[in-house]
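Following: one structure in structure tokens, then a few remarks.
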Amino acid sequence: MASEEMEQLVRREYKQGFVTDIESETVPPGLDESVIAFISQKKGEPEWMLEWRLEAYRQWLKMTPPSWAHLDYPPIDYQAISYFSAPKKPEDRPQSLDEVDPKLLETYEKLGIPLHERAALAGVAVDAVFDSVSVTTTFKEKLFEAGVIFCSISEAIRDYPELVRQYLGTVVPRSDNYFAALNSAVFTDGSFVYVPEGVTCPMELSTYFRINAANTGQFERTLIVCDNKAQVSYLEGCTAPMRDENQLHAAVVELVALEDAYIKYSTVQNWYPGDEEGKGGIYNFVTKRGDCRGDRSRISWTQVETGSAITWKYPSCMLRGKESIGEFYSVAVTNGRQQADTGTKMIHIGEGTRSTIVAKGIAAGRSDQAYRGLVKIGPRAKGARNYTQCDSLLIGDQCGAHTFPYQEIGNSSATVEHEATTSKIADDQLFYCRARGIDEEDAVSMIVNGFCKDVFQELPMEFAVEAEALLNVTLEGSVG
Amino acid sequence: MLEVKDLHVTVEDKAILKGLNLTVQPGEVHAIMGPNGAGKSTLSAVIAGKDGYEVTQGSILFEGQDVLEMEIEERARAGLLLGFQYPIEIPGVKNIYLLKAALNAAREARGEGEIPAPEFMKLVREKSAEMQMDTSFLQRAVNEGFSGGEKKRNEILQMLVLQPKLAMLDEIDSGLDIDAMKVVAKGVNSLRSADRAILLVTHYQRLLNHIEPDRVHVLVDGRIVKSGDKSLALELESRGYDWVLEESVA
Numbered sequence: 001m002a003s004e005e006m007e008q009l010v011r012r013e014y015k016q017g018f019v020t021d022i023e024s025e026t027v028p029p030g031l032d033e034s035v036i037a038f039i040s041q042k043k044g045e046p047e048w049m050l051e052w053r054l055e056a057y058r059q060w061l062k063m064t065p066p067s068w069a070h071l072d073y074p075p076i077d078y079q080a081i082s083y084f085s086a087p088k089k090p091e092d093r094p095q096s097l098d099e100v101d102p103k104l105l106e107t108y109e110k111l112g113i114p115l116h117e118r119a120a121l122a123g124v125a126v127d128a129v130f131d132s133v134s135v136t137t138t139f140k141e142k143l144f145e146a147g148v149i150f151c152s153i154s155e156a157i158r159d160y161p162e163l164v165r166q167y168l169g170t171v172v173p174r175s176d177n178y179f180a181a182l183n184s185a186v187f188t189d190g191s192f193v194y195v196p197e198g199v200t201c202p203m204e205l206s207t208y209f210r211i212n213a214a215n216t217g218q219f220e221r222t223l224i225v226c227d228n229k230a231q232v233s234y235l236e237g238c239t240a241p242m243r244d245e246n247q248l249h250a251a252v253v254e255l256v257a258l259e260d261a262y263i264k265y266s267t268v269q270n271w272y273p274g275d276e277e278g279k280g281g282i283y284n285f286v287t288k289r290g291d292c293r294g295d296r297s298r299i300s301w302t303q304v305e306t307g308s309a310i311t312w313k314y315p316s317c318m319l320r321g322k323e324s325i326g327e328f329y330s331v332a333v334t335n336g337r338q339q340a341d342t343g344t345k346m347i348h349i350g351e352g353t354r355s356t357i358v359a360k361g362i363a364a365g366r367s368d369q370a371y372r373g374l375v376k377i378g379p380r381a382k383g384a385r386n387y388t389q390c391d392s393l394l395i396g397d398q399c400g401a402h403t404f405p406y407q408e409i410g411n412s413s414a415t416v417e418h419e420a421t422t423s424k425i426a427d428d429q430l431f432y433c434r435a436r437g438i439d440e441e442d443a444v445s446m447i448v449n450g451f452c453k454d455v456f457q458e459l460p461m462e463f464a465v466e467a468e469a470l471l472n473v474t475l476e477g478s479v480g
Numbered sequence: 481m482l483e484v485k486d487l488h489v490t491v492e493d494k495a496i497l498k499g500l501n502l503t504v505q506p507g508e509v510h511a512i513m514g515p516n517g518a519g520k521s522t523l524s525a526v527i528a529g530k531d532g533y534e535v536t537q538g539s540i541l542f543e544g545q546d547v548l549e550m551e552i553e554e555r556a557r558a559g560l561l562l563g564f565q566y567p568i569e570i571p572g573v574k575n576i577y578l579l580k581a582a583l584n585a586a587r588e589a590r591g592e593g594e595i596p597a598p599e600f601m602k603l604v605r606e607k608s609a610e611m612q613m614d615t616s617f618l619q620r621a622v623n624e625g626f627s628g629g630e631k632k633r634n635e636i637l638q639m640l641v642l643q644p645k646l647a648m649l650d651e652i653d654s655g656l657d658i659d660a661m662k663v664v665a666k667g668v669n670s671l672r673s674a675d676r677a678i679l680l681v682t683h684y685q686r687l688l689n690h691i692e693p694d695r696v697h698v699l700v701d702g703r704i705v706k707s708g709d710k711s712l713a714l715e716l717e718s719r720g721y722d723w724v725l726e727e728s729v730a
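Going down the list, the sequences are from chains F and G. Position one of the first sequence corresponds to residue 1 (our numbering), numbered consecutively onward. Position one of the second sequence corresponds to residue 481 (our numbering), numbered consecutively onward.
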């Protein structure tokens, strides 16, 4: 065997061995400096990274959880969480699909998820299926040729420490908020992307193609940097509802766009929302922020939020560069007992900056959701423009939708427009469709998809199709 | 084809129809006329299955089936189609998409497969031309931003595509200028056939100059008080409704 091949093999085994090591190690629940040191050591991190984490931890200790959101949940016991997310032992997981919430399985059926993937998604103890290995390899080769770096954040810290050090925490500072500070102290997974100057990433990047991404971490950290004139489209998430034993998810996503760079970040979030009473659902407390650092740069967030028991999420843009552009297109759907407080912040700092916000909220069942948006125009943002449109659609009479728009205008030459509507899914619209022979559920999905069209057309093609199917499944049975 | 017997309907505990009888045979065009508030629109709404109308007595049979036991969409698929007085706007949903979904729902109920796309496009283009509607209407959201006349033409377009057995047209002439009315009337006339019936609900005789009815019924205070041929409509036009009412009381 050639030495080169040998080396590759060894490296590969190391990766797998690395995973196995994690499995054999467990950290007792609780958080203190020694746990953070353990995580850092496990990840083979350099000294500066450990210091960075510890500093975040010390700040977190001084902070209190936010209470301003329109959400209701019992206090979280942070000492009851295990911070080195050792994968569940097979014997602790459901042993077969028979033990999984039948509703969840029904949903897989409706979304057309292949049988062998259902078990993995539902967290059943099965051997991982690596049918995508060859795809992944071709994928990696193509990216390598283009000079694009796409790897896990842990690999990036080891292999590209200068890049990580230069950008990590510069968009979302460690002390930004309670959950961001916690994430900074204990994050163990996530993605790193660097697109070099002038390169348009040859394909849409998706976490799906990242080896070891099958188990999404509880505290994910994602950092995407687009150098001058570079472009990338990044897809996060999966339309299949993911079951996870970790109830609290506190991710941080940082995007940096330098001059003339364009980052498009699309999310389809469909975490397990819990059973009909809302039990067992995920708490999704995420900090996502993009920094349009260079002139004429552009960052676009598109999200479809259908899952989780509780969502607390405000993908934002800091428009520093002259004539930079920030966009936020969102569809948030809540049903059952779900709660969502979501929205965006557009901070206009540079001259001639522009932002667009299109937020669509759909509430059904006994769910409750809020749109919370801030448009801030700084004193130097001459001629800045914002357009905000947020519409809520209520299905039934036991759900709620609230809109909290905030505007801070520090420059009189700015133009800020805001349009908001709240409507009930109209009985006469339903009757009209049904009187044409279309059954009630199809009519609801037709009306709701029409309502979301402005956002869906921003999604990459294959995501848009899945998003529609997902919306239909989420809202199933919400009428009548 | 349609047999309405002793129909009593209340809306929010108020009696609107009080023992209405009506029989419609295939191939016939019936006009229901009457003063405002007589219950004309209630009749077509009840047949279509709209919520909020309570049938307290009587029956509606369509081709021998008990209509009141059928879901709204089942009635439509069986061939009972209502053209709205005020067509509803559905933002973001393309007109052509609604048409296709409706057509396929009816085909599926008949055990036919989905209509092949080329065949559907050909059909829709042809019918749009008949209604003098530019094909760009098909790509627009259902009734959104349509003028009053465009909405009514769109209702008839749906009828032409869906080919119901019984087309109920509620005040299809309201708000139309004479040119638009001619286009609508032409569309309705093209629906006439030996195996199809049409029920026109209208306040004015004007429409009946363009669509000649076989039978005219006068609906007053929840009952059909007089029936006749098309000459009855002309008489109503010249004499108003009062004499019919007096005659029926007498």
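C-beta: ideal position from N, C-alpha, C; glycine also. Since we're looking at a predicted model, the values are computed, not measured.
Integer Cβ distance of residue i from residue j, believed to fall under 8 Å
i, j, result
"residue 157 (chain F)", "residue 189 (chain F)", "That belief does not hold up - the Cβ atoms of residue 157 (chain F) and residue 189 (chain F) are roughly 12 Å apart, past 8 Å."
"residue 414 (chain F)", "residue 384 (chain F)", "4 Å"
"residue 294 (chain F)", "residue 258 (chain F)", "4 Å"
"residue 488 (chain F)", "residue 353 (chain F)", "Missing from the structure shown is residue 488 (chain F); chain F here goes from 1 to 480 and no further."
"residue 621 (chain G)", "residue 574 (chain G)", "6 Å"
"residue 448 (chain F)", "residue 393 (chain F)", "7 Å"
"residue 324 (chain F)", "residue 350 (chain F)", "6 Å"
"residue 38 (chain F)", "residue 179 (chain F)", "With a Cβ gap of about 21 Å, residue 38 (chain F) and residue 179 (chain F) do not count as contacting."
Pair within 7 Å by beta-carbon distance, residue i and residue j
i, j, result
"residue 399 (chain F)", "residue 367 (chain F)", "yes"
"residue 36 (chain F)", "residue 57 (chain F)", "yes"
"residue 302 (chain F)", "residue 459 (chain F)", "yes"
"residue 595 (chain G)", "residue 579 (chain G)", "no"
"residue 30 (chain F)", "residue 79 (chain F)", "yes"
"residue 530 (chain G)", "residue 431 (chain F)", "yes"
"residue 665 (chain G)", "residue 690 (chain G)", "yes"
"residue 252 (chain F)", "residue 287 (chain F)", "yes"
"residue 336 (chain F)", "residue 377 (chain F)", "no"
"residue 450 (chain F)", "residue 585 (chain G)", "no"
"residue 660 (chain G)", "residue 629 (chain G)", "yes"
"residue 685 (chain G)", "residue 715 (chain G)", "no"
"residue 168 (chain F)", "residue 194 (chain F)", "no"
"residue 369 (chain F)", "residue 71 (chain F)", "no"
"residue 185 (chain F)", "residue 60 (chain F)", "yes"
"residue 321 (chain F)", "residue 355 (chain F)", "no"
"residue 254 (chain F)", "residue 171 (chain F)", "yes"
Within chain F, partners of residue i - CB distance below 7 Å
i, result
"residue 645 (chain G)", "The contacting residues do not exist; residue 645 (chain G) stays about 12 Å from chain F at best."
"residue 632 (chain G)", "Those within 7 Å of residue 632 (chain G) in chain F number zero; the least Cβ separation is about 14 Å."
"residue 562 (chain G)", "435"
"residue 685 (chain G)", "Those do not exist, as residue 685 (chain G) stays about 27 Å from chain F at its closest Cβ, beyond 7 Å."
"residue 586 (chain G)", "437"
"residue 528 (chain G)", "435"
Residues that residue i contacts on chain F, provided the C-beta gap is smaller than 9 Å
i, result
"residue 581 (chain G)", "433, 436, 437, 438, 442, 443 and 446"
"residue 565 (chain G)", "Under the 9 Å cutoff, chain F gives no residues; its nearest Cβ is about 12 Å from residue 565 (chain G)."
"residue 612 (chain G)", "Going along chain F, no residue has its Cβ under 9 Å from residue 612 (chain G), so there is no contact; the nearest lies around 22 Å."
Contacts that residue i makes with chain G (C-beta to C-beta distance below 9 Å)
i, result
"residue 450 (chain F)", "570, 571, 572, 573, 574, 577, 621 and 622"
8 Å Cβ cut-off: residues of chain F touching residue i
i, result
"residue 531 (chain G)", "427 and 431"
"residue 638 (chain G)", "436"
Within chain G, partners of residue i - CB distance below 7 Å
i, result
"residue 453 (chain F)", "572"
_Residues of the region 547-558 of chain G with Cβ closer than 7 Å to any Cβ of chain F, in chain order_ = Residues of the region 547-558 of chain G with a Cβ closer than 7 Å to any Cβ of chain F, in chain order: 552, 553, 556 and 557.
*asked:* Could you check whether the region 484-496 of chain G touches the region 531-551 of chain G, counting it as contact only if at least three pairs of C-beta atoms, one from each stretch, sit closer than 8 Å?
replied: Segments in contact, yes.
*State whether the region 551-569 of chain G contacts the region 594-613 of chain G, with contact taken as three or more CB pairs (one from each stretch) at a distance under 8 Å.*
The region 551-569 of chain G, when compared against the region 594-613 of chain G, does not touch it at the 8 Å Cβ threshold.
*Is there contact here, the region 508-528 of chain G with the region 643-653 of chain G, by at least three beta-carbon pairs under 8 Å?*
A contact is defined here as three or more CB-CB pairs under 8 Å, and the region 508-528 of chain G meets this definition with respect to the region 643-653 of chain G.
_Along the region 504-515 of chain G, where does the CB come closer than 7 Å to a CB of chain F? Name the residues._
Against chain F - using a Cβ distance shorter than 7 Å - the region 504-515 of chain G contributes no residues.
*Could you tell me whether the region 498-513 of chain G touches the region 460-475 of chain F, using the rule of 3 or more Cβ pairs below 8 Å?*
No, because fewer than three Cβ pairs between the region 498-513 of chain G and the region 460-475 of chain F fall closer than 8 Å, the two stretches do not touch.
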